[in-house]
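Worksheet: the structure to be examined is printed underneath.
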Amino acid sequence: MTTRLKRAVLGLSACAAMLTMSTAALAAEEQYIPLLTYRTGSFAPLGIPWADGKLDYLALVNERDGGVNGVKLAYEECETAYATDRGVECYERMKGKNGGASGFDTQSTGITFALTDKAIVDGVAIETMGYGLSHSANGAVFEWNFPLLGTYWTAADVMIQDITKQVGEDKLKDQRIALIYHDSPYGKEPIALLQARAKEQGFKLDLYPVTAPGVEQKSTWLQVRKNRPDFVLLWSAGIMTPTAIREAQAVGYPRDKIYGIWWAASESDVVDLGQTAKGYKGITIHNSAEDGPVHDAVREMHAKGKGAENGDKYVGTLAHTRGMMISMMQVEAIRTAQEKFGKGQHMTPEQVRWGFENLNLDEARLKELGFEGIMRPVKTSCSNHMGDDWARIVQWDGNKFEVVSDWYESDKKYVDPLVKEMSAKYAAEKKITPRTCEG
Amino acid sequence: MIYRENGQFKSSYRADQQIFPIRQDRYVVLGLLLVAFLLVPAMASNYFLQAILIPFLILSLAAIGLNILVGYCGQISIGSGAFMAVGAYAAWNFGVRIPELPLVLQILLGGVFATLVGVAFGIPSLRIRGLYLAVTTLAAQFFVDWAFLRIAFFTNYSPSGNVSVPALSAFGLPVQTPMQKYLFVLIFVVVFALLAKNLVRGAIGRQWMAIRDMDVAAEVIGIRPVYAKLTAFAVSSFIIGVAGALWAFVHLGSWEPLAFDLTRSLQLLFIVIIGGLGSIVGSFFGAAFMVLLPVLLTNVPHWFGMSIGVDTASHIEHMVFGALIVFFLIVEPHGLARLWSIGKEKLRLWPFPH
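Below you can see the structure in the form of structure tokens.
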């Protein structure tokens, strides 16, 4: 017994020693990009193509360009299963590796909240393209957060704009709009903006929370049938989206009156439903429904057996393209930083943060990158960490998503006061003195 | 030979009644405390402190709380996540509404509110027992989840329902770096573990155990079930509430009700079962098993240079973890604490086993 115990103790201590050792394994010259992902759990249908997109673009930069000005990218995934504590563990494990993490794309509003406070202390950029804390667009308060290209407030704003366009400016006040949302910080984010707009413009707003993970929505949709809202905004993700569309069919609610947020509007959400989902509308961040030269490059790379394990399976889907956009912004932040602090050198997290803050992707640059038509030019600054938000509406025709609207930009009349108010509240709560941004 | 109390004569009641009557145990505990307070902060990396030791300590504390209820008093509860949530949100509300309140007091007040809720949900235990009681504690879980999601007052009308704490400080000292946080948590855990250890061998602890072993017989010998059961619920939920406040304040910093959902309750129950029902030290073993093993399992493929996808790794981790739980329960149904006491027995006889 004693020898067995001794062996067990020895084994355990050896494991512990290896655990501490494994953190310093990578070479220092490579630029390290941690990838938080969820390929398991109820959000996996969204998480898998998203993670593949992020991975594919980074692999592409290494394969095609040999890294960023010769600096190879090192990246690895950490599975969070959308759980905040797992995400925090991943972050702690990865933040200091290999000269410091270049940035975290947390893929979860909950994890973003938890990491926002930690990132200030550790000095690591949090990149939340199209999600995260909407008020973190205020770079003066949120030095390390980058909700690039759009937030839930801009998304909700654009949805209302599209509705206005359909029913007419004067009729909007007679509309009844329902928000069906995942009952978590993610789903609650748009409420503030919708309430502000409802108050100003006089439409009626109904709120229907759905308990996570969102497989039980019968009672919600019975209420929808009873109250007959003119439009439904759907803030769902993963398994909740197809469930919602099925329930809409069951109560006979027209699918073309439903607007899904971008995380609820990817092929994986509707492809199994086929004709059932026909007419379902979603919003895309910039124009992520479009194909560009970058997709061909990724397919070419897959043909050589490099990149994500799933190969071409998800290439061209909205979630995959969005994943690539996230990685692209990350890589461009590193490149921008290199232009200021030294080309071909390893960038510290602080330098990459500067890169995020001074992104300037114009038409020509996007064309070079192969993202022409997929997104519009974007420019960030010290005070504006979101950059320019553009979005379009897509509609599922039973087989694929079609772009059905022109470009929208959120109405700053509604978004900006909220950003200002909420970020000031945050700064007061956390005792942060906002930076002064020139210009 | 070494672990033997021969020659340790107790000449006073005081000496006979101390927490660790055997000298060797005292030395081991003192040594462990020294290591935990001095050596670990000096040696451990930030990752080790922040991602492994802090969650391990806090979950151990919660498991001690649950162990008092399940292991010592025999009342099955799968609502411990709810009591953690009550502790966390109550402490946070005190912090937000009365900012002058010191941090330690906020956390203890969180425990007080968890006690109130715990006692309220413990009342059914006077009538129902066993699995039926488990179901009523499940009601606590769902009710508390619902309350913190839907009643905006509890989250101070935060639009996203997410709450977060400002930079922490206690007694004028900052609690911000991993080392400071670790020491802060460690103090709580040591104090409460010793208190719990003392409680369970006192009169009240014996009452709990009598109720656990046979409540009718306990009643016959003059133990009031109402008092015994409700005090078990009270003490248990106080400790769990404090653990919840620590989990939220120190470990997460920002949280939503999802951090304390049913999975958390079940995790705590597994910790207690695997660690050993009715054993304080078992709570630590169980928490170590639950916290360390998944982290270890995710890292194993890396050490051997295998590149498997994170999803496969995560699935393998679940399978191995499940298999290990089954294995341990078959080999030692009384948990890791039982292995520990067998080891101690053997040590007493060593080197002359019969």
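Respectively, the protein sequence lines represent chains A and B. Numbering follows full-length UniProt numbering, in which position 56 of the first sequence is assigned residue number 56; successive positions increment by one, without gaps. Numbering follows full-length UniProt numbering, in which position 43 of the second sequence is assigned residue number 43; successive positions increment by one, without gaps. Here a beta-carbon is modelled for each residue, glycine too, at the ideal position from N, C-alpha and C.
- With respect to the C-alpha of Thr433 (chain A), the residue from A:Ile120, A:Val61, A:Cys78 having the closest C-alpha is A:Ile120.
- Apart from the 5 residues on each side of it in sequence, Val251 (chain A) sits with its Cβ closer than 8 Å to the Cβ of Trp221, Leu222, Val224, Arg225 in its chain, given in chain order.
- Around the beta carbon of Lys54 (chain A), a 10 Å sphere encloses 16 or more other beta carbons of the protein chains shown; the residue is thus reported as buried.
- With 16 or more other Cβ atoms inside 10 Å of its own Cβ, Met329 (chain A) counts as buried.
- Collapsing the DSSP output to three states places Ala170 (chain B) in a strand.
- By the CB criterion at 8 Å, Ile177 (chain A) and Phe146 (chain A) fall outside the cutoff.
- Where Leu246 (chain B) is concerned, the enclosing alpha helix (DSSP H) starts and stops at 225–246.
- In the three-state reduction of the DSSP assignment, Lys413 (chain A) falls in the helix class.
- Going by DSSP, Pro229 (chain A) is part of no beta strand (DSSP E) at all; its letter is neither H nor E.
- Chain A has a Cβ within less than 8 Å of the Cβ of Gln50 (chain B).
- Considering only A:Arg64, A:Ser383, A:Tyr32, the residue with the shortest C-alpha distance to Leu359 (chain A) is A:Ser383.
- Interface annotation, Asp117 (chain A): in contact with chain B, CB-CB separation under 8 Å.
- Remark: C-beta atoms of Asp261 (chain B) and Asp145 (chain B) approach each other more closely than 8 Å.
- Taken in chain order, the whole alpha helix (DSSP H) runs of length 4 or more contained in the stretch 317–380 of chain A are 318–341, 349–357, 363–369.
- Between Asn162 (chain B) and Pro185 (chain A) the beta-carbon gap is near 4 Å, inside 8 Å, which marks them as a contact.
- With respect to the C-alpha of Thr317 (chain A), the residue from A:Leu46, A:Ala137, A:Glu200, A:Glu357 having the closest C-alpha is A:Leu46.
- About 7 Å separates the beta carbon of Leu66 (chain B) from that of Leu269 (chain B), a gap short enough to meet the 8 Å contact definition.
- For the pair Gly214 (chain A) and Tyr208 (chain A), the Cα-to-Cα distance works out to about 12 Å.
- If the five residues before and after Thr128 (chain A) are omitted, its C-beta is found closer than 6 Å to the C-beta atoms of Thr112, Pro147, all from its own chain and listed in chain order.
- Membership of Leu36 (chain A) in any alpha helix (DSSP H) is not indicated; the residue belongs instead to the beta strand (DSSP E) covering 31–37.
- Beta-bridge analysis with DSSP links Tyr181 (chain A) to A:Pro209, A:Trp235.
- Contacts with chain A at 8 Å (Cβ-Cβ) do not include Gly276 (chain B).
- Assigned with DSSP and collapsed to three states, Glu438 (chain A) falls in coil, not helix or strand.
- Listed along the chain, the chain A residues whose CB falls inside 8 Å of the CB of Gln267 (chain B) amount to none; the nearest CB is some 10 Å away.
- Secondary structure note for Lys118 (chain A): its alpha helix (DSSP H) is the uninterrupted segment 109–122.
- Restricted to the stretch 79–145 of chain B, the alpha helix (DSSP H) segments that are unbroken, complete and at least 4 residues in length are 80–97, 103–122, listed in chain order.
- Secondary structure note for Cys382 (chain A): it is in no alpha helix (DSSP H), with a DSSP letter that is neither H nor E.
- Taking a Cβ-Cβ threshold of 7 Å, the residues of chain B close to Glu92 (chain A) are Tyr47, Gln50, Ala51, in chain order.
- Per DSSP, Ala391 (chain A) is one residue of the beta strand (DSSP E) stretching across 391–396.
- When only Cα atoms are considered, Tyr131 (chain A) and Ile239 (chain A) end up about 18 Å apart.
- A distance below 8 Å separates the beta carbons of Leu234 (chain A) and Ile180 (chain A).
- Rounded to whole angstroms, the separation of the alpha carbons of Val394 (chain A) and Lys367 (chain A) is 23 Å.
- Boundaries of the alpha helix (DSSP H) harbouring Thr154 (chain A): 152–167, taken from the DSSP string.
- Three or more beta-carbon pairs separated by less than 8 Å link the stretch 46–60 of chain B to the stretch 290–306 of chain B, which places the two stretches in contact.
- Counting C-beta pairs closer than 8 Å gives fewer than three between the stretch 389–406 of chain A and the stretch 345–358 of chain A, which falls short of the contact rule.
- Pairing Gly323 (chain A) with Asp52 (chain A) gives a Cβ-Cβ distance under 8 Å.
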